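Numbering (mature numbering (1 follows the signal peptide of the UniProt record, and there is no 0)), first residue to last: -29 to -1, 1 to 340.
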C-alpha cells in the first residue's frame, strides 16, 4: 500500500515539471517575437517599462551604462559617447558630468586632460580659468614653475624677447638705469662703461676722449695732444712754445736752449752755436755769436793765407837766387801779384772747409762746426 502511494507522488511531480517546462518554452517564444534593441544612450531596466536613459557621466557600452573615463565627461543623460575635456580644463575622476578649469599658475594645453600642468619658467597665469599660461613680455621674466606673475628686469639688465626665464646684464659700453628694460642704451660721446650690468656711463678721464656714441672705451690722446676736462669729445694740440709729456696735465713751457713747435710732446734741444731764438719755431736757429765766430774764422783764414803766401814768396826768392835769377836785393821776376794770388788761394781753401748754407730767415747757417 505504501509503495503504491510513493509511485503516485513521483508521477505527480513528473507531470508538474513537464507542465512548467512547457510554460517557459511558450513564454520564451512569445518574448523573442515581441522584444526590440534599446537605442544608443539607453539600456533595458527590468524594473521599469521600456528602455532607460543613461544618467549624466555615463554612456552606453554593450547593453549597459558605463562611467565616463578620466579626462572626459557627459553633461546630458542618454548620450552614446563621453566628450573629452576642452583645452584649458581637466577631469581627474571618472563618471563626471563636466570638466574643471585649471587653477592659477596651471594650464591644460591639450584636449582630454586628466590633470593640469604648471606654467613653465618664462610664462605665468594670474587667475584660474580655461586660458593658457602667457609668455612674460620683453623686459620681464619668470624663473619658477607655476608663476602667477612676471617680474620686471632690474636696473642694469634686460630681456630682449618674450618668454624669458632670466634677464641678461647690459653688455660693456651700454647701460640701463631703469627697471623693465627690453634693450640697453649705448654710452654717449664723452662717456664709457667698461663693465657689464652698468646703471650709467662714466665720463672719460682727463687725457682721454670719445668723439661719438659707441660701445668703445674712451681713448688716450695721442702724443702732443692733451685735455684737462672730464668727458671730453676730443683732444687739443699742444700750443707752440709748449710741450705735453702727459695728455692729462697742462702744457709745460718749453725750457731754455730748446724749441717746441705746435704738437710737441717733448722739447727739441739746441746744441752748440745753434740756439733757440724763438721757442715756438720749428727748428734751432743760428745766433749773432755764431755770425761773429764765422767772421773771425774768415779773418783768420785770410791772415793764414797771407802768411803762407809770404812764406811761398820767400822760398821762391831763395830758389831763384840760387839759380841766379834775382840779385842780392831780392828784385826779380817774383812780384806782389804772386803773393796775393797765393793768399787768395789759401783763403779759398780755408773757406771750402766751412760750406755756407742759407738759413730759414735769410741769414747764414754754417754746418760742419
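Just so you know, even glycine gets a beta-carbon here, dropped at the ideal spot from N, CA and C. Owing to the predicted nature of the structure, the values given are computational and were not obtained by experimental measurement.
Through-space distance from residue j to residue i, alpha-carbon basis
{"i": "residue 274", "j": "residue 285", "result": "17 Å"}
{"i": "residue 321", "j": "residue 281", "result": "Confidence is the limiting factor: at residue 321 the pLDDT is only 42, short of 50, which leaves the residue's position unreliable, though a coordinate-based value still follows. Distance between the alpha carbons of residue 321 and residue 281 is about 17 Å."}
{"i": "residue 108", "j": "residue 94", "result": "9 Å"}
{"i": "residue 195", "j": "residue 250", "result": "16 Å"}
{"i": "residue 55", "j": "residue 164", "result": "58 Å"}
{"i": "residue 176", "j": "residue 230", "result": "30 Å"}
{"i": "residue 233", "j": "residue 201", "result": "23 Å"}
{"i": "residue 36", "j": "residue 28", "result": "9 Å"}
{"i": "residue 341", "j": "residue 225", "result": "The chain is shown only over -29 to 340; residue 341 falls outside these bounds and no answer can be derived."}
{"i": "residue 316", "j": "residue 240", "result": "Only weak support is given to the placement of residue 316: the predicted model assigns it a pLDDT of 48, under 50, and the value that follows is read from those uncertain coordinates. Answer to the nearest angstrom: the Cα atoms are 38 Å apart."}
{"i": "residue 272", "j": "residue 210", "result": "44 Å"}
{"i": "residue 172", "j": "residue 182", "result": "15 Å"}
{"i": "residue 2", "j": "residue 20", "result": "Confidence is the limiting factor: at residue 2 the pLDDT is only 49, short of 50, which leaves the residue's position unreliable and the question unanswerable from this model."}
{"i": "residue 52", "j": "residue 31", "result": "7 Å"}
{"i": "residue 355", "j": "residue 112", "result": "Given that the chain is displayed from residue -29 to residue 340, the structure contains no residue 355 and the question cannot be resolved."}
{"i": "residue 150", "j": "residue 124", "result": "6 Å"}
{"i": "residue 90", "j": "residue 189", "result": "46 Å"}
{"i": "residue 88", "j": "residue 48", "result": "30 Å"}
{"i": "residue 174", "j": "residue 203", "result": "8 Å"}
{"i": "residue 72", "j": "residue 59", "result": "6 Å"}
{"i": "residue 283", "j": "residue 292", "result": "14 Å"}
{"i": "residue 131", "j": "residue 69", "result": "42 Å"}
{"i": "residue 114", "j": "residue 121", "result": "9 Å"}
{"i": "residue 17", "j": "residue 66", "result": "23 Å"}
{"i": "residue 277", "j": "residue 294", "result": "25 Å"}
{"i": "residue 314", "j": "residue 242", "result": "In this prediction, residue 314 has a pLDDT of 45, which is less than 50 and means its spatial position is unreliable; nothing more can be read from the coordinates."}
{"i": "residue 137", "j": "residue 86", "result": "28 Å"}
{"i": "residue 208", "j": "residue 185", "result": "24 Å"}
{"i": "residue 76", "j": "residue 139", "result": "24 Å"}
{"i": "residue 102", "j": "residue 6", "result": "50 Å"}
Nearest candidate by alpha-carbon position, reference residue i, set the options
{"i": "residue 50", "options": "61, 58, 38, 56", "result": "38"}
{"i": "residue 141", "options": "52, 18, 157", "result": "157"}
{"i": "residue 12", "options": "46, 71, 19, 23", "result": "23"}
{"i": "residue 26", "options": "287, 45, 116", "result": "45"}
{"i": "residue 145", "options": "253, 153, 166", "result": "166"}
{"i": "residue 14", "options": "253, 34, 77, 219", "result": "34"}
{"i": "residue 97", "options": "161, 78, 70", "result": "78"}
{"i": "residue 57", "options": "75, 65, 80, 66", "result": "80"}
{"i": "residue 228", "options": "254, 64, 128, 207", "result": "254"}
{"i": "residue 126", "options": "148, 207, 120", "result": "148"}
{"i": "residue 82", "options": "47, 117, 41", "result": "41"}
{"i": "residue 74", "options": "66, 85, 100", "result": "100"}
{"i": "residue 197", "options": "185, 66, 213", "result": "213"}
{"i": "residue 118", "options": "8, 135, 155", "result": "135"}
{"i": "residue 193", "options": "110, 235, 187, 129", "result": "235"}
Extent of the continuous beta strand (DSSP E) to which residue i belongs
{"i": "residue 29", "result": "29 to 31"}
{"i": "residue 91", "result": "No beta strand (DSSP E) holds residue 91; DSSP gives it neither H nor E."}
{"i": "residue 24", "result": "22 to 24"}
{"i": "residue 15", "result": "13 to 15"}
{"i": "residue 172", "result": "From DSSP, residue 172 is part of no beta strand (DSSP E); its letter is neither H nor E."}
{"i": "residue 241", "result": "No beta strand (DSSP E) holds residue 241; DSSP gives it neither H nor E."}
{"i": "residue 38", "result": "36 to 38"}
Integer Cβ distance of residue i from residue j, believed to fall under 8 Å
{"i": "residue 191", "j": "residue 178", "result": "6 Å"}
{"i": "residue 206", "j": "residue 222", "result": "Going by Cβ atoms, the distance from residue 206 to residue 222 rounds to 12 Å, so no, they are not a contact pair."}
Residue i: CB within 7 Å of a non-hydrogen atom of the ligand NAD
{"i": "residue 85", "result": "The ligand NAD is not part of this structure, which contains no ligands at all."}
Beta-ladder partner(s) of residue i, from DSSP
{"i": "residue 145", "result": "157"}
{"i": "residue 63", "result": "DSSP output for residue 63 lists no bridge partner at all."}
{"i": "residue 128", "result": "140"}
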